[in-house]
Amino acid sequence: MEEKKMKLDYKKTILTGFGFLATSIAWAIYDPYITKILNRILSESEWVTHLSQALGNAIPWIGKFAEAQGESTVALGGGFTLVPLFIGIIMTFDNIFGVIFQPTFGKLSDHCHSKLGKRRPFIVSCAPISAVLFTLIPIVALNVQGEMRLPLTMFVIIFFVFSMSLWRAPVVALMPDLTPPELRSEGNAVINLMGGLGSAVGMVAGTIGIALCTLVAGYSKAEIKADETLSFPYVFFIGSIIMIIGMLVLLFFVKEQDTSIKLKGEQNQYADAKARKKAAKEEAKAQKAALKAIKLSKGERKSLIFMLGTLFFLFCAANAITTFFSLFAQEILHMITSEATIIMLIFAVCSGAAALPAGKMGKKFGRKKTILAGLSVFLAAFVFFFGVFLGMLGGKDLSIKNYVEVNNAYIAIDDNINGYNGMIGDAAQAEGRTLEDDEVLTMEGYLAYKNDATKDVNGAYAKFDKYLVENAGDGIYDAIITVANNILSAETDDFATALTTVSETVDSVTKILRVLIYPVLVLGGAANMFITVNTLPLVLEIGGVEKVGTFTGYYYTATFSAQIASPIVYGFIRMLSGTYMSLFYYSPIMFGVAILLIMFVKHGEAVPDEVIKQAQQDD
């Protein structure tokens, strides 16, 4: 009689995937919004300001180098700052904690005995803690004032990252526990789909958060665009609610074996279990010794080293983009975070769409060639974007340094407008009303006011003009005029004319870059998947079937090392370069090094698919 083919229980697998969905939405919100929060509180921290000044005085060349890149507009809030470096260091915490604690708590869950099973006790106990801490991050960061603001925010962030590392491994291990080995590849695809859905929801959470902020708090969209942090608590609340929902789905709709019963049985057979464990240990030792005896050839070792180097630089490039993109979008594209995350959603969707073609191309043309093609497209897209940017500056007879100064001048006035909007918005809230859209000040409205010969001296923009001088100092007018004259050849002593010149220059560049970023990230998203799908199989093939576990470890060591190192390295580069446009030459350089290294990889094609899928499940 023919054996009946087993089928995956899609309903149970989808329900199991709610745990991975919950963690994915949290991280999709974490990167773009935490970098924004850190940028704000670190920039406003007196401690960071004093430390930056002390370091600049102690090592003069650092300050001079930063000034040479365009950070010399002192009256406009420029100057050497450690903020980008500190952001980079803090953004590595999740990867560091993941490397240290995820394996530990994964192993602890293997030996957990409870009525809820092995994995769910960790999820049910830790997910609510993570959700509460996640909600607290923007509340603490944006509402606590004074010296305690930075340390309290760091306390909440660190404990959130720690709590997430306690239940991520048990969440990932839940599907293999509940799925027969022959169906785990199919189950893994469903779990990854749920994770992708969580990431997508996280990327649109900013838009949903703005809608909630408008509905619940009564802020207008214009107010939120002027001060996007008004919506941050709602964005994080959305992530927290979905974390709780994911945990409840696992608690009530996913059933694990009652391992407390298993414990009682094990206690009755303790001696036998101990003997079996000793025998298994001896067998594993023998297998390890046998595998050690299987050595790579000199060529294979060389290929492995170059491939791991390729992975390191590849992930350095990709991690910098995902970590710092929202700050790049704010400074260069003049976008708020919710707009930046929608762009990253397009990147993610294109990556997902390219997954199947990428796998097929790897089989047809070879994995190395497919990876090279992906790296080349990624590199070309970024070089094209940066090349267009340089071309526009060349047409205006501007260097990057000069444009940074002009852009800083524009941002200084725009930030003051947004700050003033926040102030009058708070005043309106105190009166029990919300600002109407026409009450919210804009750069365009301010320019129209300054260029109007018959100014309303008692109007909103006249009041802002007084606020600007009080907040930024008497030198703000002269600083804008200096930038317009020295860099843009405005030849004027009129502030309105100078600011108009600065604004028109920045707008002309920004409008083109805001359009160009879409095709760049569409191509980048597709190229990313052509690389990602084929790198692990190539590494595994170099080691052979006998060393799949060892070489999977090498793979993740290289990639995690890059994700820990890259935010710090790029943070240092941004600190010295003075602009997040440096992202578009940092990443291409990393991609370029990856291309050079992979050229020396001479081994690694065609590992059986089932071995690859097993390695991905075991991770």
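Throughout the sequence shown, residue numbering follows our numbering, covering -4 to 614 in sequence.
The C-beta atom is built at its ideal place from N, Cα and C for all residues, glycine as well.
- Under the three-state reduction of DSSP, residue 484 is assigned to coil, being neither helix nor strand.
- Contact between residue 244 and residue 15 fails: their C-beta atoms lie close to 11 Å from each other, not under 8 Å.
- As the crow flies, the alpha-carbon of residue 425 is around 13 Å from that of residue 212.
- Of the candidates 481, 358 and 339, 339 places its Cα closest to the Cα of residue 523.
- Counting only residues of its own chain and dropping the five nearest sequence neighbours on each side, residue 23 has a CB closer than 6 Å to the CB of 194, 197 and 198.
- Straight across, the Cα-Cα distance linking residue 32 with residue 446 is about 35 Å.
- Note on the region 4 to 67: whole alpha helix (DSSP H) runs with a minimum of 4 residues are 5 to 11, 13 to 38, 41 to 53 and 55 to 63, in chain order.
- Runs of the alpha helix (DSSP H) lying entirely within the region 141 to 181, each at least 4 residues long, are 144 to 173 in chain order.
- Selection 304, 116, 93 and 105 evaluated against residue 592 yields 304 as nearest (Cα-Cα).
- Counting the other Cβ atoms within 10 Å of the Cβ of residue 594 gives fewer than 16, which makes it exposed.
- Going by DSSP, residue 311 is part of the alpha helix (DSSP H) stretching over 293 to 323.
- Taking the C-beta atoms as reference points, residue 429 is found nearer than 9 Å to residue 218.
- Between residue 500 and residue 487, the C-beta spacing is not below 9 Å.
- Uninterrupted alpha helix (DSSP H) stretches at least 4 residues long and entirely within the region 191 to 252 occur at 216 to 221 and 227 to 248, given in chain order.
- Annotated as distal: residue 341 and residue 573, with beta-carbon spacing of 9 Å or more.
- In this structure residue 185 is in contact with residue 8, their Cβ atoms being roughly 5 Å apart against a cut-off of 8 Å.
- Annotation: the continuous alpha helix (DSSP H) that includes residue 121 extends over 115 to 138.
- Nearest in C-alpha terms to residue 348, of all of 436, 360 and 191, is 191.
- Boundaries of the alpha helix (DSSP H) harbouring residue 91: 88 to 105, taken from the DSSP string.
- Counting the other CB atoms within 10 Å of its CB gives residue 169 a total of 16 or more, which places it among the buried residues.
- Counting the other CB atoms within 10 Å of its CB gives residue 113 a total of 16 or more, which places it among the buried residues.
- Taking C-alpha positions only, residue 91 is separated from residue 482 by approximately 44 Å.
- Residue range 395 to 425 is occupied by the alpha helix (DSSP H) that includes residue 421.
- Residue 88 is not a Cβ neighbour of residue 570, given a cutoff of 9 Å.
- Residue 250 sits exposed, since fewer than 16 C-beta atoms from the chains shown fall within 10 Å of its C-beta.
- Within 10 angstroms of the beta-carbon of residue 554 lie 16 or more other beta-carbons, which makes it buried.
- With contacts defined by Cβ atoms closer than 9 Å, residue 319 and residue 82 form a contacting pair.
- Here residue 400 is near residue 478, since their CB atoms are less than 9 Å apart.
- For the pair residue 301 and residue 583, the CB atoms are not nearer than the 9 Å cut-off.
- Counted as a single uninterrupted DSSP element, the stretch harbouring residue 361 is not any alpha helix (DSSP H), since DSSP gives it neither H nor E.
- The beta carbon of residue 176 sits closer than 6 Å to no other beta carbon from its chain once the five residues preceding and following it are set aside.
- Secondary structure at residue 443: helix, using DSSP grouped into helix, strand and coil.
- In the structure shown, residue 597 falls within a coil segment according to DSSP collapsed to helix, strand and coil.
- Under the three-state reduction of DSSP, residue 552 is assigned to helix.
- Between residue 460 and the set 502, 414 and 393, the nearest pair of CA atoms involves 414.
- Each of 119, 5 and 534 was checked against the Cα of residue 189, and the nearest Cα belongs to 5.
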